[in-house]
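Have a look at the structure below before the remarks.
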């Protein structure tokens with residue numbers, strides 16, 4: 001069955017077409033979802049169901065002049081996965097540990113921050129920690145490290161640019 005016929009049948013809410021769609025496009029959707037929700041494999045099935053339902057309900061909005069059907073479906077799946085990811089992150093940030101002092105996501109965030117800061121040299125890492133984690137002013141952090149405030153601003157600017165470039169290259173992979 002070609003895409004045009006499949007799309008028309010989906011628009012007519014033909015359930016047999018839905019089964020064909022799942023067989024033909026399921027792996028693509030699963031790939032997009034698993035890539036977006038890589039940290040939460042327990043949410044893949046929910047995201048897949050949401051994506052399928054969304055495609056089923058919104059097939060009338062597919063415009064072949066704007067995108068291929070495959071890309072449109074992949075984008076729908078990605079947006080559903082992102083929505084679920086946002087909900088999960090929000091839920092994690094609300095979940096408290098036993099002593100109600102530390103939020104679970106704070107622990108993982110701190111580990112992620114330390115991992116990212118480990119990309120910087122020791123001096124810049126300490127500067128970032130003092131300013132962005134410990135809450136010191138640039139002047140205080142510079143004084144603590146025996147550098148000028150202007151130098152602290154330059155180091156932070158260079159560090160941010162380095163981390164931004166690293167992040168962009170990391171997410172391109």
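Residue numbers (full-length UniProt numbering): 1 to 173. Virtual Cβ for every residue (Gly too), placed ideally from N, Cα, C.
Outcome for residue i when other beta-carbon atoms lying within 10 angstroms are tallied against a minimum of 16
i: residue 155; result: buried
i: residue 68; result: exposed
i: residue 174; result: The structure shown does not extend to residue 174, since the chain is modelled only from 1 through 173, so no value can be given for it.
i: residue 47; result: buried
i: residue 6; result: buried
i: residue 89; result: exposed
i: residue 53; result: exposed
Nearest candidate by alpha-carbon position, reference residue i, set the options
i: residue 55; options: 148, 131, 80; result: 80
i: residue 74; options: 32, 122, 59; result: 32
i: residue 4; options: 62, 161, 139; result: 62
i: residue 141; options: 70, 127, 20; result: 127
i: residue 120; options: 163, 86, 88, 132; result: 163
i: residue 37; options: 20, 49, 82; result: 82
i: residue 118; options: 166, 137, 91, 150; result: 166
i: residue 122; options: 159, 91, 71; result: 159
i: residue 40; options: 150, 25, 87, 53; result: 87
For residue j and residue i, believed in contact at Cβ under 8 Å, the rounded distance
i: residue 51; j: residue 77; result: 4 Å
i: residue 10; j: residue 84; result: About 23 Å; that fails the 8 Å criterion.
i: residue 138; j: residue 147; result: Not confirmed; about 10 Å, so no contact.
Start-to-end residues for the alpha helix (DSSP H) that takes in residue i
i: residue 181; result: No statement about residue 181 is possible, as the shown extent of the chain runs from 1 to 173 and does not include it.
i: residue 175; result: Because the chain in this structure spans residues 1 to 173, residue 175 falls outside the shown range and cannot be described.
i: residue 3; result: 3-11
Proximity test, Cβ basis, 8 Å: residue i and chain B
i: residue 75; result: Absent here is chain B; the protein component of the structure consists of one chain.
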